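Student: Here it is, the structure, as structure tokens.
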Amino acid sequence: MPEAPLERASSTRQIVEIVAAVVLLTIFLGASAWRQSDGLSSGTLAGTAEALGIIIAAGLTLIMYSFLYRDNPFFKAVENLYVGVGLGYGAVMTWHQALKPEVVEPIILAPSFGALGSALIVRGVPILLGFMLLTRISRKYSWPSRYSYAIMIGWYAGMGIPITIHTFILEQVNAAINPLFAPGASPLATFLSINTQIIVLVGTVSVLYYFFFSLEHKGAGKVVSRVGIIFLMVSFGASYGYTVMARISLLIGRVDFLLYDWLQRPRP
Amino acid sequence: MPETAITTVSDAELRWQLMIRRIIHLLLPIVVMVPFLCEIDMPGKPSPLVKQIYYDLEALEPGSVVLFSLDFDPGSQAELAPMTVAALRQCFKNDLHPIVMTHWFSGLGLHKRLLEETAEEFAPDKKSGRDYVLLGFRPGGQSVILSMGDSITGAFDKDYYGKITEGMDALKDVDSLRDIDYALVLSAGGTIDGMWIPYGSDRYGFPIGAGCTAVMAPDLYPFEQSKQITGIIGGLRGAADYEVLVGAPDDATSAMAAQSFAHLYIIGLVIVANIEEFVRKRSKKRE
Amino acid sequence: MWYKRYLPLVLVFLIGLLGFLTQYIPHWGSEEVVSYMARSLLIIVAFAMFIGAYSLLHMHLTRIRRQQAGWAYSLLVFVGATVMIAAGLYNEGTGPMPPLAPRGINTWLYDHVQVPCSATMFSILAFFIASAAYRTFRAKNLNALLLLIAAVIVMFGQVTISERFVNWGLYVANLFPPLHDFIVDGLGVTDTIFRKLAHFVMAAPNMAAKRGIMLGIALGAISQSLRILFGIERSYMGGGD
Amino acid sequence: MVKNPFRLWAFALVLAYAAIALCGEPPAKPLLPPADSFKAYDRPSDDGTAIGVEWAVVPGNSKNITYVLEVSTTEDFSGEVKEIRIPATGGLKSKQKKFYGSSKKNESLHYKDVLPADLFPPEKRQVEQPEENASAREKAWYSYERKKENRRFKGEKRKFNRDTDCYFRLSATNGTDTVFLEDGGVRKVVSARARANLFTWYRCNNLIPALIFSCVVMGFIRLARRNPNIFIRRIAGLDAGDEALGRATEMGRSIFFVHGLAEIGSLATIAAVNILGQLCKQVALYDSRVKVMNSTPMTMAVSQEVVKQAYTEAGRPDAYDPDDIALVAPDQFTYVAAVGGRMVRERPAAIFMIGSFAAESLILAETGASTGAIQIAGTDAYTQVPFFITTCDYTLIGEELYAASAYLSREPRLLGSLRGQDVGKIVLMAALLLGTAAVTLGTWLVAQNIEFGEFLLRLRDIVKPF
């Protein structure tokens, strides 16, 4: 059975879309030329580059939003360009921030033989392991990379066990164990603290029980796991609410850019 | 999670929904833009979790060293850049020495700009190397922290600008992470609970304040209760609170009105949706 | 072959054991081992970044070679990366060895291509979250209702307009002073009441659930580490013999 | 007029105190602890930097009395002597829970950490700083020499700690009178040497659980190897999967399986592949098609393998089409765009989104929901779970995903770890409940002045991390 697409791609629709794209492009260029004319005609390279940069940034921003209408060639092109630029930036930063200071300079720029010797002693083995890591690129001869991975992953697996117990288990259990009432406190404060304490205790235990798989959740267990779900749902709701805030903030950031940087609205 | 009834939806209804979706999408930027165009301002009162960090920093002696780990990229710049600027301003105002590093190379250019621009506000007093240091980026995550726990100048031989860190004035009294007076980790993912708490503060014992995107904030509350972090600056609202505390309202504070409108818009959508659901259920029952 | 298959596993176990033991040995020697390992891993990880970049480029190369649908877009990845790396090598005429020039093609591309794209990318989600809220946030059952209420409390409590609303409400209540007094003094309502409510949701039920989840994840992480140490989990070793 | 009555009180107190100090008796004579309570020893569980010195608390000593601890590196105190002053009300050993536990005895002992290498530091050489415009090599030389010097300094300190005995004498003073601690007529001298220790006793509460948990997990994995029929409760979400399959067959439409962006090594992707295999076995029977959306070649290769095997096992190797398992796009948003586009065009009957997801989850789930497909999600990325719960018909939350995968695949390593983790969870639940009970009871008993309460409160220190 042929599946009916939700939006039919008719030729009229295509024409409308193309016309709309052209109109939008004209408006965009017009607005850019008008609002950024100071920068463009500043005569200095820096000023022109800055104005041009803002126009390009605004264009890219708007093209990205075109995804909301539909996945389109412009969006794909921008997305891929962005990935490429990010990749390039990553490579440049790896060179300047990691490989050059950690690997190349201590050896090439070593001020004395003593320094060279100690650099080789301290860095020799890891540099070798680093090059062995690169063999992962080859399918056939990738076995030397296993040594590098063995060291990286083995070290953190071993060291991670005590650290995980410390940070995520002992610290958390220690913080969760609290008296349910404070002696000498006012009745109201006691009531509030009991409530919060009990909520926290019940919540933690029931959520732990919800993720307990060795028993069928029946009888009393069913009640506890129901309570666990209630806590999970409240927590997911809270996360949802907070995430709304995050995403809206990002949108506000872009609106801010478009209004104040691209369209040069005076800031209040 | 117990079952929800799986229902079949007709094509006509799907098309109707698609149209509603377009309308919702179209209205959102308009709602966000209104407060900007009408220049509505809506500052608020700071929350206690944000205040804790502010007072922690206020309590430091002049000349103390504050480590900034800016673990975000431009993708979360709208939320975390205002926090960064506000906290840096507080440091410069109180004569604290910020040391800035990152675990996310893709944000490095942004961090550099934020630091330099904020330092420029206090020009000519603040100089790189003397009053602040931009250590830059090293790959390695936990390894970087462990290495800094041994020696900061050992982990970062050179700063972002290629200057040798050994003997810098700002790092004079700081040998390793144990000598850090406070660490402010502004993170867009994973580095607070994954790296700085287990490998940093729990090991070397320095206080951490967490600034994070709103997405992460709910996950950090257990650490706040266990005192593994001293406070949380959550999202743009947290940033706005911090700006108010520092006394320099800026981007985040002016965005609060737009944020409020957008939230009201979404809450409104939820209410409309539930009324619709209710009406639909009633009409079904009647049938 | 033993050196391809078994020796790495033995190495994982030995190195892991060493890492495990350093956490229980207070001797300064153990601290030295930790810092030496950390320094070494810093260097190894620097190489690992190339593997990441390579595998991404390789994927796009495969797309181009096989002429998969939309392969032409993958060319743009190469264009972007090449321009960026070339600009980095050129470094405003100074070459790759001196520090990166503060202003140049690299910074320009970063500021005006990467920053806006990256910042816009996730803001697209704001639209989807709005439409998802409309379509799916419906109180169909108790769970959905709880999720909805918690979300709305947090959403409303987080924004400053909630303080305005309370103030307006109090202003209206002030028309009838006893009511106002009852609300303010009797119930203890202040303008941050919604904020406090949101904070309560975050700090009590949410915190409890997150802690429960976290304890579970921690146990899972430890057993994962154990499986790695004892060579039961080897997916990180990659394929081949 | 006085707004704060408390301030008035404080002022009166200060006045009274001053009056006593001025007109009262001369300051009390300092008292000394018994000579045999004055001890010095290597601080346990440390890296060899400190010596602990302790002596008994003398109840009669008031606030204005100070103990003076003299430290020397020679027995006759002929060389350089350092003085450490400790107020008679401060410095209790019970404050040092990290090293000395929470024994009640420690409350009646004074304690001081002495760091010999900091008291008698070795000489530090200065390295000359180069000019601002010096060459790169000169600066590198400076950096190298500085670092070398730092290392040498550190080494010297360690050597000093290791090789030097420290000697201690104690006296007490009230400012005018000083009394010296004597033993048989001569001043009592105790000595100790700082040693680097080999075991961190205060991490026992970390090591013991680590070892026990390791044994439990490894034990259950072994057990599961012998008998893979370990009981795991059925995860309700798997039934929803069957229902979705049925619907897809009914409607004659395909099923989408969306992997997310994680690499094959991640636990979530492994679980996803296990579930995919099981799904395909049933799909082969029902005669509908599964289309798998991958983001990396590795997951694609593994998925192909799994699907092929599932079809073969179901006796329908002919139904397998490798083109159904596609490498969609490698980057987050191109992946989302491409998968979303296919969802809208092909309108699958059911969409499974199982694996590790990041921000793309919302767009995928929202687009999928808009096509009217049944959606089943499973992820261990808890930040994304809210979106799946609201937009999907069924969601496997976090560990449920692992459990489902273990349930379906019956792999010993998954089953065994799951069971081991369950044991860990029981222990944690018990610790939380019993701990709260003990602490609550203890607080109440202490409020009633019953001594047993303090013991209960001290039990809390068992889980205290250092």
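Residue numbers (this note's numbering), protein chains in the order written: chain A, 539 to 806; chain B, 127 to 413; chain C, 108 to 348; chain D, -1 to 464.
Glycine is no exception: its CB is placed at the ideal position from the N, C-alpha and C atoms.
Keep in mind the model is a prediction, meaning the values are calculated, not measured.
1) Run through chain A and tell me which residues come within less than 9 Å of Lys238 of chain B, C-beta to C-beta.
2) Name the chain C residues whose beta carbon is nearer than 9 Å to that of Pro344 of chain B?
3) So is Val211 of chain B buried or exposed if we call it buried at 16+ other beta carbons inside 10 Å?
4) Enumerate in chain order the residues of its own chain whose CB-to-CB distance from Asp240 of chain D is below 6 Å, with the five nearest sequence positions on each side excluded.
5) What are the start and end residues of the beta strand (DSSP E) that includes Lys110 of chain D?
6) Excluding five sequence neighbours on each side, which residues of the same chain lie with their C-beta closer than 8 Å to the C-beta of Pro203 of chain C?
7) Report yes if the CB atom of Gly597 of chain A is closer than 8 Å to the CB atom of Ala226 of chain C, and no otherwise.
8) Should Pro700 of chain A be flagged as near chain D, meaning a C-beta pair shorter than 8 Å?
9) Which term fits Ile387 of chain D, buried or exposed, when burial requires 16 or more other beta carbons within 10 angstroms of its beta carbon?
10) Do you know offhand how far Thr468 of chain D's Cα is from Leu29 of chain D's?
11) What number of angstroms, rounded off, separates the C-alpha of Gly313 of chain D from the C-alpha of Gly177 of chain C?
12) Please classify Glu709 of chain A as buried or exposed, where buried requires at least 16 neighbouring CB atoms within 10 angstroms.
13) Considering only C-alpha positions, which residue in the set B:Lys353, B:Tyr308, B:Pro155 is nearest to Val226 of chain B?
14) Taking 8 Å as the threshold, find out whether the region 422 to 436 of chain D comes into contact with the region 745 to 752 of chain A through three or more Cβ pairs.
15) For Ser76 of chain D, count the other beta carbons within 10 Å of its own beta carbon; 16 or more makes it buried, fewer makes it exposed. Which is it?
16) Mind pulling the chain B residues with CB within less than 8 Å of Phe624 of chain A?
17) Comparing C-alpha positions only, which one of B:Leu240, B:Leu236, B:Tyr258 sits nearest to Pro188 of chain B?
18) Have a look at Leu272 of chain B and Glu138 of chain C and give me their C-alpha separation to the nearest angstrom.
19) Is Phe231 of chain B closer than 8 Å to Phe194 of chain B when the C-beta atoms are compared?
20) Determine whether the Cβ of Asn618 of chain A lies closer than 8 Å to any Cβ atom of chain D.
21) What is the C-beta distance between Met321 of chain B and Gly233 of chain B, in whole angstroms, given that I count them as a contact (C-beta under 8 Å)?
22) Within the region 224 to 310 of chain C, note down every full alpha helix (DSSP H) run reaching 4 residues or more, in order along the chain.
23) Could you tell me the alpha carbon to alpha carbon distance between His389 of chain B and Ile786 of chain A, rounded to whole angstroms?
24) Could you check how far apart the C-beta atoms of Phe355 of chain D and Gly258 of chain D are, in whole angstroms? I think they sit under 8 Å.
25) What residue range is occupied by the uninterrupted beta strand (DSSP E) comprising Thr171 of chain D?
26) Can you give the Cα-Cα distance for Glu129 of chain B and Ser230 of chain C, rounded to whole angstroms?
27) Please name the residue in D:Arg150, D:Pro114, D:Lys137, D:Asn131 whose C-alpha comes closest to that of Lys122 of chain D.
28) Report the three-state DSSP secondary structure of Phe198 of chain B (helix, strand or coil).
29) For the region 692 to 709 of chain A and the region 167 to 184 of chain C, state whether three or more C-beta atom pairs, one from each stretch, are separated by less than 8 Å.
30) Between the C-alpha atoms of Asp276 of chain B and Ala401 of chain D, what's the straight-line distance to the nearest angstrom?
31) If the cut-off is 9 Å on Cβ atoms, which residues from the region 144 to 155 of chain B count as contacting chain D, listed in chain order?
32) If contact means a Cβ-Cβ distance below 9 Å, which residues of the region 114 to 145 of chain C contact chain D?
33) Any chance you could list the beta strand (DSSP E) runs of at least 3 consecutive residues sitting entirely within the region 235 to 267 of chain B, in chain order?
34) Name the chain D residues that come within less than 8 Å of Leu140 of chain B, Cβ to Cβ?
35) With a threshold of 16 other CB atoms inside 10 Å of the CB of Glu402 of chain B, please say whether the residue is buried or exposed.
36) What residues from chain E crowd round Asp283 of chain B, counting only those whose CB sits closer than 8 Å?
Tutor: The short version:
1) Chain order gives no chain A residues near Lys238 of chain B, where near means a beta carbon separation below 9 Å; the closest approach is about 11 Å.
2) Chain C residues near Pro344 of chain B: Val261, Met309, Asn313, Met314, Lys317.
3) buried
4) none
5) 107 to 112
6) Cβ neighbours of Pro203 of chain C within its own chain (closer than 8 Å, five residues either side excluded): Gly195, Leu196.
7) no
8) yes
9) buried
10) Residue 468 of chain D lies beyond the stretch modelled for chain D, which goes from -1 to 464, so this question has no answer here.
11) Between the C-alpha atoms of Gly313 of chain D and Gly177 of chain C there is a straight-line separation of about 36 Å.
12) buried
13) B:Tyr308
14) Yes, since at least three Cβ pairs between the region 422 to 436 of chain D and the region 745 to 752 of chain A fall closer than 8 Å, the two stretches touch.
15) exposed
16) In the sequence under discussion, the amino acid at residue 624 of chain A is Gly, which differs from the Phe named in the question. Within chain B, Ser232 have C-beta atoms less than 8 Å from the C-beta of Gly624 of chain A, given in sequence order.
17) B:Tyr258
18) 10 Å
19) no
20) yes
21) That pair is no contact at about 16 Å.
22) With a minimum length of 4 residues, the continuous alpha helix (DSSP H) runs that stay inside the region 224 to 310 of chain C are 249 to 265, 268 to 280, 284 to 288, 300 to 308.
23) 8 Å
24) 5 Å
25) 164 to 171
26) Any reading at Glu129 of chain B must be qualified, since the residue scores a pLDDT of 41, below 50, and its modelled position is unreliable; the value itself is stated next. Whole-angstrom Cα-Cα distance: 32 Å.
27) Per the Cα distances, D:Arg150.
28) coil
29) no
30) 41 Å
31) Taking 9 Å as the upper bound on Cβ-Cβ separation, chain D lies near residues Leu144, Arg147 of the region 144 to 155 of chain B.
32) Phe127, Gln130, Tyr131, Ile132, Pro133, His134, Trp135, Gly136, Ser137, Glu138: these are the residues of the region 114 to 145 of chain C whose beta carbon lies less than 9 Å from some beta carbon of chain D, given in chain order.
33) 259 to 263
34) Ser368, Thr369, Gly370
35) exposed
36) Going by chain labels, chain E is absent from the structure shown, which instead holds the protein chains A, B, C and D.
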